[in-house]
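Report on one structure; see the data block that follows.
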Amino acid sequence: MANNTSTVSDTETVLRTENLNVYYGKFLALQNIWLDIPRHQVTAFIGPSGCGKSTLLRCYNRLNDLIESFRAEGKIFFDDKNLYAPDIDAVEVRRRIGMVFQRPNPFPKSIYDNITFGAKINGYKGDLNELVESSLRKAALWDEVKDKLKQSGSSLSGGQQQRLCIARAIAVQPEIILMDEPCSALDPISTLRVEELIHELKEQYTIVIVTHNMQQAARVSDKTAFFNVRTSDTGIRSGYMVEYDATEVIFNNPKQEDTRDYVSGKFG
Ligand SMILES: Nc1ncnc2c1ncn2[C@@H]1O[C@H](COP(=O)(O)OP(=O)(O)O)[C@@H](O)[C@H]1O
Ligand SMILES: [Mg+2]
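Counting from -14, one number per residue, gives the positions in the sequence shown under the numbering used here.
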């Protein structure tokens, strides 16, 4: 009734980005990003190459710390804690915020050991067999590999390897899973399997996915952020966020003309 009362929403923010600028050396790669990622939803990042999608994703699990020239201004809050505060343990951040990359990158180990590796490092006290089974089940891979857990992860097909990497990410009990173009190296059938999986995973996890595939963004995500590159007066090309909204708004009724052009395939 009264629209001035705020209700407790089911779209609570898990990652809040405030006025973020990201530099590689002097190069301003991402400019003035404000963006709230909702818990237990799928958020898609779309936009042309070089607009900073991977950069932003890597800010969320402190993976950019490993790049010497990286520097960030502004704030990112994970459950209201500043991710870049001095007392935050980046290794723990990477456990709680996992990542899946474009190329499936299983460790050169057995399927079983791929799953248990991170858990052992984190001092996991539970039953490892159970962890392997439950992680592979959650990644919709168990039935295909349960009889060959000692085989090398790299003996699997590309699509299976990517689901193994998702199982490996799940095994350390993260809260958020970042996926950077997870299907670009996969065939259409494997892509659909991963998309179905993403849909199931959001019950338990928050997912942020970068994709170049517009249909994929429209199919899997609840919210979509469109990024683009602009050139400053001094000729510097920086990435920025053009528009962020419910996915159906971004694809059917965006506010910005650039968004409309991009989602309809006019550029990018
Ligand atoms: N490690 C790095 N060192 C220097 N520049 C980088 C690095 N990673 C990315 N960049 C630059 O930052 C910009 C954004 O890159 P990126 O985040 O990879 O974009 P996207 O994922 O949208 O294609 C690009 O201009 C890219 O060349
Ligand atoms: Mg990228």
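Idealized CB from N, CA, C, for every residue including glycine.
Asked                                                                                                                                                             : Found
Quick check on the burial criterion: 16 or more other C-beta atoms within 10 angstroms. Buried or exposed for T216?                                               : exposed
Indicate whether E3 and K60 have their beta-carbon atoms separated by less than 7 Å.                                                                              : yes
Given a threshold of 16 other Cβ atoms within 10 Å of its Cβ, counted over all protein chains shown, does L51 qualify as buried or as exposed?                    : exposed
Using the DSSP secondary-structure output, state which residues sit across from T216 in a beta bridge.                                                            : R222
Below 6 Å, is the gap between the Cβ of I61 and the nearest heavy atom of ligand 1?                                                                               : no
Would you mind reading off the limits of the beta strand (DSSP E) that contains Q147?                                                                             : No beta strand (DSSP E) contains Q147, which is instead part of the alpha helix (DSSP H) from G143 to A156.
State the Cα-Cα distance for the pair L0 and H25, rounded to the nearest angstrom.                                                                                : 11 Å
Please report the straight-line C-alpha distance between C168 and T176, rounded to a whole angstrom.                                                              : 5 Å
Taking its Cβ as the centre, do 16 or more other Cβ atoms sit within 10 Å of P89, making it buried, or is it exposed?                                             : buried
Run the proximity test for C44: is its beta-carbon closer than 6 Å to any non-hydrogen atom belonging to ligand 4?                                                : With respect to ligand 4, the structure offers nothing, as its ligand set consists of ligand 1 and ligand 2.
Spatial neighbours of L20 within its chain, please: CB distance less than 7 Å, with the 5 preceding and 5 following residues excluded, ordered by chain position. : T2, A210, M226 and Y229
Going by DSSP in three states, P89 sits in which element: helix, strand or coil?                                                                                  : coil
Check the C-beta distance from V27 over to D165 and give it rounded, since I have them as a contact under 8 Å.                                                    : Contact doesn't hold; Cβ gap of about 14 Å is too wide.
Look at the alpha carbon of R80 and the alpha carbon of K135, and state the distance between them as a whole number of angstroms.                                 : 25 Å
Just checking S34 against ligand 1 - is the residue's beta carbon closer than 6 Å to any of the ligand's heavy atoms?                                             : yes
How would you label S223, buried or exposed, when you count the other beta carbons within 10 angstroms and need 16 or more for buried?                            : buried
Using the Cβ count rule (16 or more neighbours within 10 Å means buried), how would you classify E115?                                                            : exposed
Among W127, D98 and A125, which residue has its Cα nearest to the Cα of L113?                                                                                     : D98
Using only the alpha-carbon positions, how far apart do E242 and F212 sit?                                                                                        : 13 Å
Taking buried to mean at least 16 other C-beta atoms within 10 Å of its own C-beta, is L126 buried or exposed?                                                    : buried
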